[in-house]
Amino acid sequence: MAKNLVIVESPSKATTIKKFLGSTYEVIASNGHVRDLPKSQLGIDIENDFEPKYITIRGKGELLAKLRKEVKKADKVYLATDPDREGEAISWHLSKALKLDDKNAKRITFNEITKNAVKQSIKQARKIDMDLVDAQQARRVLDRMVGYQISPVLWAKVKRGLSAGRVQSVALRIIADREEQINAFIAKEYWTLSGEFKIDGEKKPLAADFYGTLKEKMTIESKEQAEKIIEEIKKSKFEISDIKTSGRTKKSPLPFTTSTLQQEAAKTLNFATQKTMRVAQGLYEGTAIKGRGTIGLITYLRTDSTRISDEAKQSAADFIRESYGGEYLNQNEKAGKSQKKIQDAHEAIRPTYVDLTPAQVKDSLSRDQFRLYQLIWKRFVASQMSDAKYETKSVKIDSDKYRFTSASSKVVFAGYLTVYQTDEDKIDKKALSKKIEKGMELGLEEVDKKQHFTQPPAHFTEASLVKTLEELGIGRPSTYAPTISTIINRHYVAKEQKNLYITELGEVVNNIMKKSFASIVDVNFTAYMEGLLDRVEDGSVKWKTVVRNFYPDLHEAVEQAQKELEQVKIEDEVTDVICEECGRNMVVKYGPHGKFLACPGFPDCRNTKPYYEKIGVMCPKCGDDIVIKKTKKGRRYYGCINNPECDFMSWQKPSEKKCPKCGGAMVEKGNKIVCMDEQCGYVEAKEKK
Numbered sequence: 000m001a002k003n004l005v006i007v008e009s010p011s012k013a014t015t016i017k018k019f020l021g022s023t024y025e026v027i028a029s030n031g032h033v034r035d036l037p038k039s040q041l042g043i044d045i046e047n048d049f050e051p052k053y054i055t056i057r058g059k060g061e062l063l064a065k066l067r068k069e070v071k072k073a074d075k076v077y078l079a080t081d082p083d084r085e086g087e088a089i090s091w092h093l094s095k096a097l098k099l100d101d102k103n104a105k106r107i108t109f110n111e112i113t114k115n116a117v118k119q120s121i122k123q124a125r126k127i128d129m130d131l132v133d134a135q136q137a138r139r140v141l142d143r144m145v146g147y148q149i150s151p152v153l154w155a156k157v158k159r160g161l162s163a164g165r166v167q168s169v170a171l172r173i174i175a176d177r178e179e180q181i182n183a184f185i186a187k188e189y190w191t192l193s194g195e196f197k198i199d200g201e202k203k204p205l206a207a208d209f210y211g212t213l214k215e216k217m218t219i220e221s222k223e224q225a226e227k228i229i230e231e232i233k234k235s236k237f238e239i240s241d242i243k244t245s246g247r248t249k250k251s252p253l254p255f256t257t258s259t260l261q262q263e264a265a266k267t268l269n270f271a272t273q274k275t276m277r278v279a280q281g282l283y284e285g286t287a288i289k290g291r292g293t294i295g296l297i298t299y300l301r302t303d304s305t306r307i308s309d310e311a312k313q314s315a316a317d318f319i320r321e322s323y324g325g326e327y328l329n330q331n332e333k334a335g336k337s338q339k340k341i342q343d344a345h346e347a348i349r350p351t352y353v354d355l356t357p358a359q360v361k362d363s364l365s366r367d368q369f370r371l372y373q374l375i376w377k378r379f380v381a382s383q384m385s386d387a388k389y390e391t392k393s394v395k396i397d398s399d400k401y402r403f404t405s406a407s408s409k410v411v412f413a414g415y416l417t418v419y420q421t422d423e424d425k426i427d428k429k430a431l432s433k434k435i436e437k438g439m440e441l442g443l444e445e446v447d448k449k450q451h452f453t454q455p456p457a458h459f460t461e462a463s464l465v466k467t468l469e470e471l472g473i474g475r476p477s478t479y480a481p482t483i484s485t486i487i488n489r490h491y492v493a494k495e496q497k498n499l500y501i502t503e504l505g506e507v508v509n510n511i512m513k514k515s516f517a518s519i520v521d522v523n524f525t526a527y528m529e530g531l532l533d534r535v536e537d538g539s540v541k542w543k544t545v546v547r548n549f550y551p552d553l554h555e556a557v558e559q560a561q562k563e564l565e566q567v568k569i570e571d572e573v574t575d576v577i578c579e580e581c582g583r584n585m586v587v588k589y590g591p592h593g594k595f596l597a598c599p600g601f602p603d604c605r606n607t608k609p610y611y612e613k614i615g616v617m618c619p620k621c622g623d624d625i626v627i628k629k630t631k632k633g634r635r636y637y638g639c640i641n642n643p644e645c646d647f648m649s650w651q652k653p654s655e656k657k658c659p660k661c662g663g664a665m666v667e668k669g670n671k672i673v674c675m676d677e678q679c680g681y682v683e684a685k686e687k688k
């Protein structure tokens, strides 16, 4: 009997596929890549037209020997790595390492690991797509050139172990730019008014919010202004000048792409992007389900597409009709934004078997697997359901000068909300009394005033950073999670309570990158490069053309940086702090989290201490020195050296000046100095040095 060999990446994928193919097929895992560029050198022959020097990955020799034996026994070899450009590149590397060029070797891809999909892929076996391979080679070579040429500059200027990257350095810059916006933000005071109006025959008053004058919306900027308006309002008579009732439709959501899954899993499940991808990979490759054996529960997890196959649509339609009724089925064709990328050849992320509900698989999955599967299943089913319909009612309540407004919204047909609701959908809207009519006079019972301050831009979370990277066209589905993990693991960014903050080390690296490698960290340039890589993918640009055009500018910038950049650390700064273990003066060193004090007698003396850098400003609470400190994760703040006896702290740098208005402490924000007491609100320009 003819023997067929199928090579996949992972053992769990091999187990799942073996079950579908029977005894004439042998399925073996390559455990990911088998060849790569060497770690110890650049691995690109620049003199020989940027030819990559691929070597067998350490530890893969034995596995390749085993695969070669299996290849000799087989009549046909099928390369079944993941259906994206990295998967295509792994298949190409396997074909080279196993010398399959002259063998009857074919490439097969499937978007879901089901019996039908796998068997159909064998019928549609094809040659390796070299455009996809070249797009991956271009990405790998560009990333390698940036990393291996810029990182040594950072080692020389700051410390060893740092790294730069084509995508990671842009992500770091985006976070740093947001941090600058937040630090420079100055809150502005504003007030809101809310009124309660008596309706005849009703116990419950009608609550409404102050809008402004009859002609335009008003912003109330001070307490005095708010009190003046209240005084006028209390003397006024009010009546309902307008009531509008209308319908509103909320469209059912699109199914998940990689980016939207990472965002929603972060928001609703509190998953880091890396965790979302790890759990989703397990659901895709195959999980043992009671009564069904090992099956792939979701489709391929790296995709930009919101497209759904006709077969999947039909299965969803049958399930929705049977479970909820025909009126819950969406009859309209939906489409997301068209993005011409390789991942659009895939489908959206969806369950492979829509009839396999979360409740049915719960006992077979871990808690994390169940929660992620449930999220994917609900979102997919909701995407195929009808829109939610609301009835909205808005009311204008006018005096001769001012206007209040009130609105209500109620669901008249739940549609997709029956299955899937986000936090936005769960907001309860107040109902308005049925007794109100146009022209009805209302008595004002009470007016409340509330003070507010405008808020700075929010710190990035993993979810919002992924969204921003996608919107800017930086990176692709497979790069979001490793990019964020890298900048956190390198201690360039600290993650605290979901928020991402740049560290002192991150600031140093970002400033060097902006000064010497402006194009590398330029958002538009990076997005342009992604576009070029997509053109390599569709065959319209040769990959070496992209590399040839990119390299000269990079090389020149590296040489210039090595000559001109001031070293952040040339030699250790000696302090007046004495090492209590050996009596030497301790020196300032750079560690993963920034500066610290170390004994210069290392390795004989290994004493270290936190380094507290004085800023020349006295603590407003106790009069001692304010120093730069860091949270456990590396985020910088300013605190009293006497902590914990004195609890003064500020995220912004304190100023020597006292507030001339209230006498309180002031802090620097961008080019301004502001009072720390928001109620005071004093602001002045910072003196230029």
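Read left to right, the sequence shown gives residues 0 to 688 (numbering that gives the first Met the number 0). Note that beta-carbon positions come from the ideal geometry of N, C-alpha and C, so glycine has one too. The model shown is predicted, which means the values in this text are computed figures rather than measured ones.
Only counting the same chain, and skipping five residues up and downstream in sequence, which positions put a Cβ closer than 7 Å to that of residue i?
{"i": "Gln338", "result": "Summary for Gln338: the model assigns pLDDT 45, below 50, so the residue's position carries little reliability; its value from the coordinates is reported in the next sentence. If we look at Gln338 and ignore the five residues flanking it on each side, its Cβ neighbours are Asp303."}
{"i": "Pro151", "result": "none"}
{"i": "Thr14", "result": "Gly285, Thr293"}
{"i": "Gln280", "result": "Leu300"}
{"i": "Asp354", "result": "Phe318"}
Considering Cα atoms alone, identify which of the options is closest to residue i.
{"i": "Leu253", "options": "Val573, Met384, Tyr401", "result": "Met384"}
{"i": "Asp81", "options": "Trp91, Asp74, Lys274", "result": "Trp91"}
{"i": "Leu171", "options": "Ile625, Lys18, Tyr479", "result": "Tyr479"}
{"i": "Gly194", "options": "Val535, Lys449, Glu61", "result": "Lys449"}
{"i": "Thr502", "options": "Phe379, Glu230, Ala381, Lys629", "result": "Lys629"}
{"i": "Asp422", "options": "Asn182, Leu268, Lys234", "result": "Leu268"}
{"i": "Lys18", "options": "Gln40, Asp48, Ala287", "result": "Ala287"}
{"i": "Val666", "options": "Phe403, Lys652, Gln678", "result": "Lys652"}
{"i": "Ser363", "options": "Asp354, Ser407, Glu326, Leu282", "result": "Leu282"}
{"i": "Glu444", "options": "Gln559, Glu346, Lys203", "result": "Lys203"}
Give every residue of the same chain whose Cβ lies closer than 8 Å to the Cβ of residue i, excluding the five residues on either side of it in the sequence, and list them in chain order.
{"i": "Cys581", "result": "Cys598, Gly600, Asp603, Cys604, Asn606"}
{"i": "Glu8", "result": "Ala28, Ser29, Asn30, Gly31, Thr80, Asp81, Gly86, Ile89"}
{"i": "Glu563", "result": "Ser515"}
{"i": "Ile341", "result": "Since pLDDT at Ile341 reaches only 40, below the 50 mark, its modelled position is unreliable, and no value is offered."}
{"i": "Leu328", "result": "Ala316, Ile319, Arg320, Gln383, Met384, Ser385"}
{"i": "Asp74", "result": "Ala1, Lys2, Asn3, Asn103"}
{"i": "Glu461", "result": "Gln261, Ala265, Ala271, Thr272, Ile483, Lys494, Lys497, Leu499"}
{"i": "Cys621", "result": "Cys639, Asn641, Glu644, Cys645, Phe647"}
On the DSSP letters alone, give me the boundaries of the beta strand (DSSP E) that residue i sits inside.
{"i": "Gly211", "result": "205–212"}
{"i": "Thr574", "result": "572–577"}
{"i": "Val410", "result": "401–412"}
{"i": "Lys668", "result": "664–668"}
{"i": "Asp397", "result": "387–397"}
Could you pull out every residue in the same chain whose Cβ sits closer than 6 Å to the Cβ of residue i, ignoring the five residues on either side in sequence?
{"i": "Thr453", "result": "Ala186, Lys187"}
{"i": "Val567", "result": "Legend: pLDDT at Val567 = 47, less than 50; position of this residue unreliable, value from coordinates given subsequently. Correct list, in chain order: Lys156, Val157, Val507."}
{"i": "Asp343", "result": "The pLDDT assigned to Asp343 is 44, lower than 50, so where the model puts this residue is not dependable, and the model offers no usable value."}
{"i": "Ser240", "result": "Lys395, Asp397"}
{"i": "Lys409", "result": "Glu390"}
{"i": "Tyr636", "result": "Lys628, Met648, Trp650"}
{"i": "Phe109", "result": "Ala116, Val117, Ser120"}
{"i": "His345", "result": "Asn110, Tyr299, Thr302, Ser304"}
{"i": "Ile569", "result": "Because Ile569 carries a pLDDT of 44, less than 50, the predicted location of this residue cannot be relied on, and the following value inherits that uncertainty. Cβ neighbours of Ile569 beyond the five flanking positions: none."}
{"i": "Tyr681", "result": "Cys658, Lys660, Cys674"}
Who does residue i pair with in a DSSP beta bridge?
{"i": "Trp190", "result": "Ile219, Gln450"}
{"i": "Asp35", "result": "Ile54"}
{"i": "Arg765", "result": "One cannot answer for residue 765 here, as it falls past the ends of the chain, which runs 0 to 688."}
{"i": "Gly442", "result": "Lys197"}
{"i": "Pro609", "result": "Phe595"}
{"i": "Val26", "result": "Val5"}
{"i": "Pro350", "result": "Ile297"}
{"i": "Leu62", "result": "Leu62 is not bridged to any residue."}
Where do the ends of the alpha helix (DSSP H) carrying residue i lie?
{"i": "Asn3", "result": "Not the alpha helix (DSSP H): Asn3 falls in the beta strand (DSSP E), residues 3–7."}
{"i": "Lys685", "result": "Unbroken run through Lys685: none, as it is neither H nor E."}
{"i": "Thr15", "result": "10–20"}
{"i": "Asp533", "result": "522–536"}
{"i": "Tyr550", "result": "542–563"}
Nearer than 7 Å: is that true of the beta carbon of residue i relative to any heavy atom of the ligand SAH?
{"i": "Gly42", "result": "By its list of ligands, the structure shown contains no ligand whatsoever, and the ligand SAH lies outside what it can speak to."}
Review point. Which whole runs of the alpha helix (DSSP H) in the segment 247–320 are 4 residues long or more, in chain order?
Key: 257–268, 272–284
Check your understanding: What are the uninterrupted segments assigned as beta strand (DSSP E) that are 3 or more residues long and contained completely in the segment 66–127, given in chain order?
Key -> 75–78, 104–106
Exercise for review: Go through the segment 129–185 residue by residue and report every complete run of the alpha helix (DSSP H) that reaches 4 residues or more, in order.
Suggested key: 129–156, 167–183
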